[in-house]
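Using my numbering, you'd call the opening residue of the sequence shown number 253 and step up by one each time. Where is the CB? At the ideal position from N, CA and C, for every residue including glycine.
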Amino acid sequence: MKEQLQTLEKEAIAKLHDANDLKDIQAVQVTYLGRKGSITEVLRGMGKLSKEERPVIGELANKVRTTIQEAIDGKKEKLEQEELEKQLQKETIDVTLPGRPVHVAGSHILTSIIEEIEDLFIGLGYEVKEGPEVETDYYNFEALNLPKGHPARDMQDSFYITNELLLRTHTSPMQARTMRALEGTEPIRMICPGKVYRRDNDDATHSHQFTQIEGLYVDKDVRMSDLKGTLHLFVQKMFGEDRELRFRPSFFPFTEPSVEMDISCKVCSGAGCSVCKQSGWIEILGAGMVHPKVLEMAGYDSKVYTGFAFGMGPDRIAMLKYGIDDIRRFYTDDIRFLKQFHEA
Ligand code: 2NL
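Written out as structure tokens, the structure reads:
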């Protein structure tokens with residue numbers, strides 16, 4: 253029995269020596285150490301041995317088992333190592349190859365325009381404040397001197413959530429909220445950018461969702477000349493030093509007096525062209541002195557405090573600046589359109 257075990261050990265080691273892959277090794281495992289393997293077979297005959305011989309053979313059998321198992325494990329590791337080496341040889345990386353281009357995202361053109369305007373007004377001491385897009389009827393209309401039934405509400409038909417809740421039609425409600433929160437105790441210099449909504453049929457110049465940026469300046473003794481000076485500076489920085497301004501009388505329920513502001517057309521220098529519709533002027537924003545009723549509703553004493561406000565559409569500004577012919581391009585996410593402005 254002793255010889256039998258020693259022969260099996262030699263055989264197994266020899267087979268392992270010749271093994272070329274994991275399958276060969278697995279076969280040795282099963283043939284010699286498996287439940288029906290040769291060693292187990294030999295040990296079945298232990299019953300015939302004497303009491304003295306049994307522990308000696310038992311010990312030897314365990315030793316042979318351990319030796320074969322260790323040899324199997326060793327060979328396995330060696331083969332795996334070789335396999336890995338081969339793989340690494342095959343997959344060497346050519347570090348001289350050019351890398352794959354990384355696509356870097358960029359800002360949406362409307363975001364860039366808004367940020368440019370924000371930076372300009374931050375430089376004049378204004379604060380940027382953003383507000384909710386779902387608004388109450390009170391802040392969207394009432395607080396801006398547009399009581400229920402006011403005819404000007406028709407021009408700003410909205411998406412209603414309930415009778416009293418709607419998608420804001422302009423960013424002014426955030427300015428009304430800011431005034432209300434301060435209750436006439438402090439001056440205000442703020443600009444408010446964001447998305448606004450109107451119930452409109454989309455076409456090249458109308459979108460049911462667009463952007464707006466509004467400004468508000470409230471303090472003691474604020475005059476129309478302050479409005480003009482501020483907007484003049486804004487135009488020169490945004491559109492160029494050589495631009496001229498003109499103000500035309502207009503109407504907004506929340507300002508009195510109200511104006512519309514035009515800038516001189518750069519394309520034709522005032523001679524008239526298709527961009528300015530032959531007028532030499534391009535309308536850029538609406539503005540005015542904050543209506544006393546709006547100040548009073550927010551808790552400001554309109555005999556002490558006055559203010560000016562203005563509102564403009566980044567969509568329109570971008571369309572003029574880059575000659576974009578259709579407002580829907582901003583909102584239909586054609587990456588070829590949006591990418592054009594990433595280096596702008
Ligand atoms: C336009 C005109 C305007 C305002 C917005 C405003 C806000 C408050 C009080 C008074 Cl809280 N006025 N905003 C004033 C005049 C014009 O926008 O054509 N926007 C695109």
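Where the beta strand (DSSP E) containing residue i begins and where it ends
i, result
"I277", "I277 -> not in any beta strand (DSSP E); alpha helix (DSSP H) instead, spanning L274 to V280."
"D471", "Q461 to K472"
Cβ-Cβ separation, residue j to residue i (assumed contact under 8 Å), whole Å
i, j, result
"F560", "M541", "5 Å"
"P425", "E387", "5 Å"
"S531", "G524", "7 Å"
"I265", "A271", "That belief does not hold up - the Cβ atoms of I265 and A271 are roughly 11 Å apart, past 8 Å."
"I324", "Q256", "The pair is not a contact, with the Cβ atoms about 20 Å apart (cut-off 8 Å)."
"P505", "A404", "5 Å"
"M253", "G297", "7 Å"
"P439", "I366", "Contact doesn't hold; Cβ gap of about 24 Å is too wide."
Run of the alpha helix (DSSP H) containing residue i, from where it starts to where it stops
i, result
"E322", "E305 to K342"
"V519", "Looking at the DSSP string, V519 is not in any alpha helix (DSSP H), and its letter there is neither H nor E."
"A539", "From DSSP, A539 is part of no alpha helix (DSSP H) but of the beta strand (DSSP E) over W533 to V542."
"S290", "S290 to R296"
"S364", "I361 to I374"
"A264", "K254 to D270"
"A570", "P566 to Y574"
"L590", "I587 to K591"
Sub-9 Å separation of residue i and residue j beta-carbons
i, j, result
"L485", "Y469", "no"
"H423", "G383", "Note that residue 423 is Thr in the sequence shown here, rather than His. Closer than 9 Å, so yes."
"V511", "R495", "no"
"A550", "M442", "no"
"G565", "F411", "no"
"M397", "V556", "In the sequence as presented, Met is not what sits at residue 397; that position holds Asn. The answer is no: Cβ separation not under 9 Å."
"L285", "R317", "yes"
"L362", "E385", "no"
"T507", "A539", "yes"
"Y552", "E466", "no"
"T558", "R475", "yes"
"K267", "A279", "yes"
Proximal residues to residue i (C-beta, below 8 Å), its chain only, five neighbours per side dropped
i, result
"S459", "D452, D567, I579, R580, F582 and Y583"
"L336", "none"
"G492", "K518"
"P509", "M476, P501, G540 and M541"
"C520", "V527, C528 and G532"
Same chain only: Cβ atoms within 7 Å of residue i, ignoring 5 sequence neighbours per side
i, result
"I576", "A570"
"V487", "R495, L497 and I515"
"L295", "A313"
"T421", "N392, Q408, S410, V448, Y449 and R450"
Beta-carbon contacts of residue i that lie in its chain and below 6 Å, excluding the five residues immediately before and after
i, result
"I536", "M513 and I515"
"S290", "L260 and Y284"
"K489", "L372"
> Which full runs of the beta strand (DSSP E) of 3+ residues lie inside the segment 401–446, going along the chain?
Replying inline: 417–419
> Where in the segment 472–505 do unbroken runs of the beta strand (DSSP E), each at least 3 residues long, occur, reported from the N-terminal end onward?
Replying inline: 497–504
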